[in-house]
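Colleague: Handing you a structure now.
In the working numbering, the protein residues as written are 145 to 273.
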């Protein structure tokens, strides 16, 4: 069970780690660009959460829950990105449905990322508070 800020940070870093091998450098497609965003968001926020935990301890559920939610949403986006465009039989309707779901999740990712960044306080892209 994930019940601390350190656990939440580890979950985020795990998602980043699993997305990283799939990255294109530089991203050349919508899918690759979103995958890079997910990886960076999870890496930076995961490092920030672990750093916070080292300074402040376990944290309360109200503090670490949004970090776990961010990891869940990021994992779901990464999973759906694996399914977009990879069909045995092309189905435009299915692809549009998946992209609509990805875009909704992307909005949630941005919302949670904003909250977690505010909580951690001025988190830079290098992962240092």
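Glycine included, every Cβ here is placed at the ideal spot set by N, Cα and C. No experiment lies behind these values; they were computed from the predicted model shown.
#1: Where do the N-terminal and C-terminal ends of the alpha helix (DSSP H) with residue 188 fall, by residue?
#2: Which of helix, strand or coil does DSSP assign to residue 204?
#3: For residue 147, collect the residues of the same chain with a Cβ closer than 6 Å to its Cβ; drop the 5 residues on either side in sequence, then sort them by chain order.
#4: DSSP three-state label for residue 253, please.
#5: Report yes if the C-beta distance between residue 274 and residue 250 is below 8 Å; otherwise report no.
#6: Determine the direct distance from the alpha carbon of residue 248 to that of residue 267, and round the result to whole angstroms.
#7: Taking all protein chains shown into account, do 16 or more other C-beta atoms lie within 10 angstroms of the C-beta of residue 227, making it buried, or fewer, making it exposed?
Modeller: Concretely, from the data shown:
#1: In the chain shown, residue 188 corresponds to position 44, counting from 1. Looking at the DSSP string, the run of the alpha helix (DSSP H) that includes residue 188 is 174–200.
#2: Here residue 204 is taken as the residue at index 60 of the chain shown, counted from 1. Residue state, collapsed to three classes: coil.
#3: Here residue 147 refers to the residue found at position 3 of the chain shown. Same-chain partners within the cutoff: there are none.
#4: Counting from 1 along the chain shown, the entry for residue 253 is found at position 109. DSSP places residue 253 in helix when its eight states are reduced to three.
#5: The chain is shown only over 145 to 273; residue 274 falls outside these bounds and no answer can be derived.
#6: Against the chain shown, residue 267 aligns to sequence position 123. Against the chain shown, residue 248 aligns to sequence position 104. Model confidence at residue 267 stands at a pLDDT of 46, short of 50, so the residue's coordinates are unreliable and nothing is read from them.
#7: Numbered from 1 along the chain shown, position 83 holds the residue referred to as residue 227. Exposed, because fewer than 16 other Cβ atoms sit within 10 Å of the Cβ of residue 227.
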